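**Student:**
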Amino acid sequence: MSEPRAKLYINTGVVTAKSDIYNILRPLLKQTVNYTYHRGARVESSGTGWIERVVVDHPEIASYFTPLAICLNLDSFDYLQFDTSGDGLLVYTLVVGNERVVLEFGANGAQGLAGLTEPDAPMSSGRPLPRTADELARDLRFIQMELLMSADTDSRDADRGDEDEDGA
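Under my numbering, the residues of the sequence shown are numbered 11 to 178, in order.
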């Protein structure tokens, strides 16, 4: 007798295995999503938040949804249903009993992506994307960060001892 095949999901599905749910939701990490909490047929709450964590096998960690952060503990839910919307984005529904939380990519994020592909398209604030480094430095819609070099890079640079940043 042959072993059963792995499940296959294409654009839609109902997923019960925690490892599959984790893998399907993992791309949402560090993303802004709209969430809607339903109890029965009633909408109890909704908002927009940033997915900070997706965890499994940690019953001591709660699932929470706030405008600042979202933590999804997959042990809080029975299963995941996902579908593809008309505009090609995935809609995720986490279900426990008669309660469900629907997650969709945040509207601001989708508009921001449209602005990146169409340079003159306004962002959610109605302002165009910055066109120069000075405009970018003053625009609070964008975060700038400095990446530090690893210790491995520093030790390799020490071997070049007599060179400075100019290469002289």
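By construction, the Cβ of each residue, glycine as well, lies at the ideal position given by its N, Cα and C atoms. Remember, predicted model here, so these are calculated numbers, not experimental data.
(1) Using 10 angstroms around the beta-carbon of residue 20, count the other beta-carbons present and answer buried if the total reaches 16, otherwise exposed.
(2) Could you spell out the range, first to last residue, of the alpha helix (DSSP H) harbouring residue 35?
(3) In the DSSP assignment, what residue or residues form a beta bridge with residue 91?
(4) Tell me residue 56's beta-bridge partners as DSSP assigns them.
(5) Look up residue 13 in the DSSP assignment and give the residues it is bridged to.
(6) Is residue 84 helix, strand or coil when you go by DSSP?
(7) Go ahead and pull the three-state DSSP assignment for residue 18.
(8) Taking the C-alpha atoms as reference points, what is the distance between residue 77 and residue 63?
**Tutor:** Taking the coordinates as given:
(1) exposed
(2) 28-35
(3) 24, 103
(4) 46
(5) Beta-bridge pairing links residue 13 to no other residue.
(6) helix
(7) coil
(8) 14 Å
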